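Colleague: Dropping the structure in here first, questions after.
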Amino acid sequence: MIFAMTDSQEPVKFVIGPDGQRLTIDDLPSPDTRRWVIRRKAEVVAAVRGGLLSQEDACERYGISEEEYEGWARAIERFGMQGLRTTRLQKYRAKL
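Mapping of the sequence shown onto the numbering used here: position 10 corresponds to residue 605, and the numbering continues sequentially without gaps.
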């Protein structure tokens with residue numbers, strides 16, 4: 596099992612996911628995920644923000660670029676989970 600380290604060097608065992616529930620490394624989307632729905636993207640961003648895994652580990656695990664991950668994180672920060680909708684991306688892109 597992979598654990599991220601916090602400043603106190605204690606492994607993070609779970610974070611609070613986008614739905615308010617505990618999210619562990621085992622609850623994350625499968626590494627072979629190819630269909631990225633809003634919830635899955637938000638779970639990955641929550642895991643990175645909470646220290647469950649690093650951004651580098653997330654990008655490697657899911658085969659996504661640093662820029663793609665950063666786009667997800669920026670969209671959540673600015674527009675909430677609905678900013679992750681691919682059908683709304685053009686609407687939000689001009690604001691990013």
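All C-beta atoms in this analysis are idealised placements derived from N, C-alpha and C, irrespective of residue type, glycine included.
These numbers come from a predicted model, not from an experiment.
From the DSSP output, read off the bridge partner residues of Val610.
Modeller: Val610 is bridged to Leu618.
Colleague: Look up Ile633 in the DSSP assignment and say whether it is helix, strand or coil.
Modeller: It is helical.
Colleague: Could you check what DSSP says for Glu655 in three-state terms: helix, strand or coil?
Modeller: Reduced to three states, the DSSP call for Glu655 is helix.
Colleague: Relative to the C-alpha of Asp627, which residue among Cys654, Val610 and Lys608 is closest?
Modeller: The shortest C-alpha separation from Asp627 is found at Cys654.
Colleague: Would you kindly check if the distance between the Cβ of Leu679 and the Cβ of Ala637 is under 8 Å?
Modeller: Yes, they are a contact pair.
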